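Chemist: Please see the structure below; I have some questions.
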Amino acid sequence: MKTMPTIATLALLGGGLAAGPAGAEVTRFETVAAETPALQGRSFGERGRAEKITGRATIALDPADPHNAVIADIALSPRNAEGRVEATADVVLLRPEHPNGLLLVEIPNRGRKLIGPLVEGSSTEASGRLEQADDAGRGFLLSRGYTLAWIGWQGDIAPNAGKAGAGMGIRLPVLAGITGPSREEWSFDNTKSPVEAPLTWPAADLDPGKARLTVRARPEDPRTTPPGLSFRFLDATRIEITRPAGFDGSALYELSYTARDPAVMGLGLAAIRDVATFLRHDASDRNPLAANGRSTIDRAIGFGISQSGRVLRDVLYLGLNEDEQGRMVFDGMMPHIAGSRRSFTNARFAQPGRNPGPHLDRTYPADQFPFAYATTTDALTGRRDGLFLRCRLTSTCPKLMHVDSEYELWGSRGALVTTDTRGAALEQPPEVRVYMVTGAPHFANPDARTTDDPGCALPVSPLHAGAASRALLAALESWITDGVAPPASRYPSRADGTLGAPAHLYPPIPGLPYTGLYNPAQWIEPGNPPVVRGSYPLLLPKVDPDGNTLAGIRLPLIEAPRATYTAWNPTRGVAADTLCNQKGGVLPFAATKAAAEAAHDPRPSLEERYPDAGAYAAAVKAAADRMVAERTLLPADAAEMARDAAEGRLAR
85 MKTMPTIATL ALLGGGLAAG PAGAEVTRFE TVAAETPALQ GRSFGERGRA
135 EKITGRATIA LDPADPHNAV IADIALSPRN AEGRVEATAD VVLLRPEHPN
185 GLLLVEIPNR GRKLIGPLVE GSSTEASGRL EQADDAGRGF LLSRGYTLAW
235 IGWQGDIAPN AGKAGAGMGI RLPVLAGITG PSREEWSFDN TKSPVEAPLT
285 WPAADLDPGK ARLTVRARPE DPRTTPPGLS FRFLDATRIE ITRPAGFDGS
335 ALYELSYTAR DPAVMGLGLA AIRDVATFLR HDASDRNPLA ANGRSTIDRA
385 IGFGISQSGR VLRDVLYLGL NEDEQGRMVF DGMMPHIAGS RRSFTNARFA
435 QPGRNPGPHL DRTYPADQFP FAYATTTDAL TGRRDGLFLR CRLTSTCPKL
485 MHVDSEYELW GSRGALVTTD TRGAALEQPP EVRVYMVTGA PHFANPDART
535 TDDPGCALPV SPLHAGAASR ALLAALESWI TDGVAPPASR YPSRADGTLG
585 APAHLYPPIP GLPYTGLYNP AQWIEPGNPP VVRGSYPLLL PKVDPDGNTL
635 AGIRLPLIEA PRATYTAWNP TRGVAADTLC NQKGGVLPFA ATKAAAEAAH
685 DPRPSLEERY PDAGAYAAAV KAAADRMVAE RTLLPADAAE MARDAAEGRL
735 AR
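Going by the working numbering, the residue at position 465 of the sequence shown is 549; the numbering climbs one at a time, nothing skipped.
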């Protein structure tokens, strides 16, 4: 049963509404709800039961402070009475009774908490709810003593602190009366006509003659206005499209129009900085994590998954790991499944939800140079830059673990993390480790099984990165707390020969539809519409004779395989000649040697590899034990995998 907040609890947490001096990073923290104990009183070992706080944090930035100058349009923003620019972010905190002093800030992904499905094995719904005992999943994070925080940052998600099941957002200032070019792109996955489509920003003029709608079958095709294509504004935030003949459901529709009233979206990135540093350093009773005149936090890790991993790279690149007092915000960072991309956030009429994929959104500015942490020269523009350039100047570079699924090499230009823009091997800064979870799709559910998808050529891969993520997070904690060096980087590289040209990567395996498809890395010149001005060489992972990738963190599912696990999966039917977005594939081994020979399959059969169930279980245990020795798997996870293999539950 959910524990309701009480007056006494709110008083203990700082009275529900606390204001501070205008110069502070957070000027006001409002406690909307508090649950003590939370999660139905579940205990997390020696760390005790949990406390959950839901609130809102108001930040107030000085536009004249050089630390804030990087935020687009801050100089044009409305000011409060003290001449500062305000924004109010949703905040959720979860901590055990006996915390270890480490603050783990997960940047929400489109308003969602995703660390639960990744690390705890819980569902997305449970992770967002955090009410029932099982919503904490394994309890890994709280049992280690971490204080967890989520900070709303995305300005096109309405703030919803305290509303059950709602996403986390931020209230931002709006530049009323400002107009400028904006662009929308849609693919509807159907042929309905007419079809309604939303606009990110309101249109300044509802005359269709002052906007342009085009259609094309593929991103590479020219934009066209064929007979039968038309649209009308339903209001300032919606249009209705009448669709022409000759295009299937994957066609790309693009509207270029004049928008109005942009929000200052870059303030969301500053909110991550300012709320995190407030929780870490503020010793007053305004801070719900302070006690006895001091903060209970002495270390902090920034964590982001997919979109929010890209946002974390933005925070780093823009110099926002330094707060207004010159202090480091995050000692450690773990951008997860970001590839070489960042986000389209710190710009006028920004669209942070855009995700340049194999088919949709390819030309949005979310994956442009610089790609790597080291400072390099862009071969196409001559520009010199790197994600560590600003933090190096201020001595605020974190210890950083960049963790990708293998899909990011195919769909998110991942090779540009370890190569320069000419394709040469790139040495990482000493504070950086890069890891890839071999064979993993972008993001699998923790209970995923191999399934068929009618839109994909291969069965969809279920490989989940949770076990590797837990081990790496524990290693990052040791790195920032005790100075214990983490495992060496495990990522495809030109230096060790595990990256190669897209052609001829795979042996001739029957039924494996490899044609060298990948999401290209392009130099996009901004405009309305944007223009592709060049392409960067993109290398892909080399594979072993089974078709499984050589490099990376090879979980026992790969080290003791029963199938080829690809991180790519071609489409079937619509959107031909591209990849199923964010999905991997599975091609099982033949059961017997005779079946393999009949199919001309060069991969040894299951009976040749594992003469009996005991042989398979032994292979899994040996692989898991090796990973424990390498610190890429925790002993508890290794024991669980060995047990599952012995009981016939590991292979999926």
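For each residue, glycine too, the CB sits at the ideal point set by N, CA and C. All values derive from a computational prediction rather than experimental measurement.
#1: For a minimum of 4 consecutive residues, which ranges assigned as the alpha helix (DSSP H) are wholly contained in the region 491 to 530?
#2: Nearest by alpha-carbon distance to Pro514: which of Leu484, Gly205, Asp219 is it?
#3: Less than 8 angstroms separating the beta-carbons of Ala558 and Val521?
#4: With a CB to CB cut of under 7 angstroms and the five nearest residues on each side skipped, what residues in its chain are close to Phe128?
#5: Three or more beta-carbon pairs under 8 angstroms between the region 335 to 353 and the region 281 to 301, yes or no?
#6: Report back the beta-carbon spacing between Ile143 and Glu166 to the nearest angstrom; my notes put them in contact at under 8 angstroms.
#7: Alpha carbon to alpha carbon, how far is Gly498 from Gly393?
#8: Out of Ala450, Pro538, Ile389, Asp696, state which residue places its alpha-carbon closest to the alpha-carbon of Ile608.
#9: For Thr429 versus Leu353, is the C-beta spacing smaller than 8 angstroms?
#10: Since Trp607 is in the beta strand (DSSP E), which residue starts that stretch and which ends it?
#11: Could you check where the beta strand (DSSP E) with Glu268 kicks off and where it finishes?
#12: Does Val568 pass the burial test, meaning 16 or more other C-beta atoms within 10 Å, or should it be called exposed?
#13: Can you tell me the Cα-Cα spacing of Phe272 and Ala335, whole angstroms?
#14: With distance defined between alpha-carbon atoms, name the residue in Ala355, Thr535, Glu269 nearest to Ala173.
#15: Do Ala260 and Leu123 have their C-beta atoms closer together than 8 angstroms?
#16: Return yes when the Cβ of Pro257 is within less than 8 angstroms of the Cβ of Val169, no when it is not.
#17: Do Phe387 and Met412 have their CB atoms nearer than 8 angstroms?
#18: With DSSP as the reference, label Glu731 as helix, strand or coil.
#19: If you count every other CB in all the chains shown that lies within 10 Å of the CB of His684, and 16 or more means buried, which is it?
#20: Since Pro282 sits in a beta bridge, which residues does DSSP pair it with?
#21: On a Cα-Cα basis, can you pick out the residue from Thr505, Pro546, Pro604 that is closest to Arg578?
#22: Within its chain, find whatever has a CB closer than 6 angstroms to the CB of Leu186; leave out the 5 residues flanking it on each side and keep chain order.
#23: Can you grab the Cα-Cα spacing for the pair Cys540 / Lys197, in whole Å?
#24: Any chance the region 661 to 668 sits against the region 678 to 693, with 3 or more Cβ pairs inside 8 angstroms?
#25: Can you tell me which of the three DSSP states Gly625 falls into?
#26: Can you have a look at Lys705 and say buried or exposed, based on whether 16 or more other CB atoms are within 10 angstroms of its CB?
#27: Run the CB neighbour count on Asn632, radius 10 Å, all protein chains shown included, and call it buried at 16 or more, exposed below.
#28: Is Cys475 near Gly403, with beta carbons less than 8 angstroms apart?
#29: Tell whether a beta-carbon distance below 8 angstroms holds between Ala729 and Ala699.
#30: Below 8 angstroms on the Cβ atoms is my contact criterion, and I expect His765 with Thr309 to pass it. Report the Cβ-Cβ distance as a whole number of Å.
#31: Check each candidate in Leu556, Arg533, Thr582, Leu623 and name the one with the smallest Cα separation from Gly495.
#32: Excluding five sequence neighbours on each side, which residues of the same chain lie with their C-beta closer than 6 angstroms to the C-beta of Gly416?
#33: Give me the Cα-Cα distance between Glu724 and Ser207, rounded to the nearest whole angstrom.
#34: Of the residues Asn193, Glu130, Leu214, which one's Cα is nearest the Cα of His182?
#35: For Arg344, does the three-state DSSP call read helix, strand or coil?
Modeler: According to the structure shown:
#1: Counting whole runs of 4 or more residues, the region 491 to 530 contains the alpha helix (DSSP H) stretches 491 to 495.
#2: It is Leu484.
#3: In this structure, Ala558 sits away from Val521, with a CB-CB distance that is not shorter than 8 angstroms.
#4: Taken in chain order, the residues that qualify are Ala134, Pro180, Gly223, Leu226, Ser227.
#5: Verdict: yes, contact present.
#6: Between Glu166 and Ile143 the Cβ distance is about 13 angstroms, and since that is not below 8 angstroms, they are no contact.
#7: When the Cα atoms are used, Gly498 and Gly393 turn out to be separated by approximately 13 angstroms.
#8: In terms of CA proximity to Ile608, Ala450 leads the group Ala450, Pro538, Ile389, Asp696.
#9: With contacts defined by Cβ atoms closer than 8 angstroms, Thr429 and Leu353 form a contacting pair.
#10: Trp607: member of the beta strand (DSSP E) spanning 605 to 609, first to last residue.
#11: Its beta strand (DSSP E) spans residues 263 to 270.
#12: Using a 10 angstroms sphere on the CB of Val568, the tally of other CB atoms stays under 16, which defines it as exposed.
#13: If you take the alpha carbons of Phe272 and Ala335, they lie about 8 angstroms apart.
#14: Looking at Ala355, Thr535, Glu269, the one whose alpha-carbon comes closest to that of Ala173 is Ala355.
#15: No Cβ-Cβ contact shorter than 8 angstroms links Ala260 with Leu123.
#16: With a cutoff of 8 angstroms on beta-carbon distance, Val169 and Pro257 are scored as near each other.
#17: For Phe387 and Met412, no; Cβs fall outside 8 angstroms.
#18: Residue state, collapsed to three classes: coil.
#19: It counts as exposed.
#20: Partner(s): Arg322.
#21: Nearest to Arg578 by C-alpha distance, out of Thr505, Pro546, Pro604, is Thr505.
#22: In its chain, beyond the 5 residues on either side, Tyr230, Arg383 have a beta carbon closer than 6 angstroms to the beta carbon of Leu186.
#23: Rounded to the nearest angstrom, the two C-alpha atoms are 28 angstroms apart.
#24: Taking 8 angstroms as the limit for Cβ pairs, the verdict is that the region 678 to 693 does not touch the region 661 to 668.
#25: The displayed chain sequence assigns Pro, not Gly, to residue 625. Three-state result, Pro625: strand.
#26: With 16 or more other Cβ atoms within 10 Å, it is buried.
#27: Looking at its Cβ environment, which holds 16 or more other Cβ atoms inside 10 Å, Asn632 is buried.
#28: Yes, Cβ-Cβ distance for Cys475 and Gly403 is below 8 angstroms.
#29: No, they are not a contact pair.
#30: Because the chain is modelled from 85 through 736, residue 765 falls outside the range shown and cannot be assessed.
#31: The alpha carbon of Gly495 has as its nearest neighbour, out of Leu556, Arg533, Thr582, Leu623, the alpha carbon of Leu623.
#32: The beta carbon of Gly416 sits closer than 6 angstroms to the beta carbons of Ile385, Pro482, Lys483, Leu560, Ile564 from its chain, once the five residues preceding and following it are set aside; these are given in chain order.
#33: Per the coordinates, the alpha-carbon of Glu724 lies some 20 angstroms from the alpha-carbon of Ser207.
#34: The shortest C-alpha separation from His182 is found at Glu130.
#35: For Arg344, the three-state secondary structure derived from DSSP is strand.
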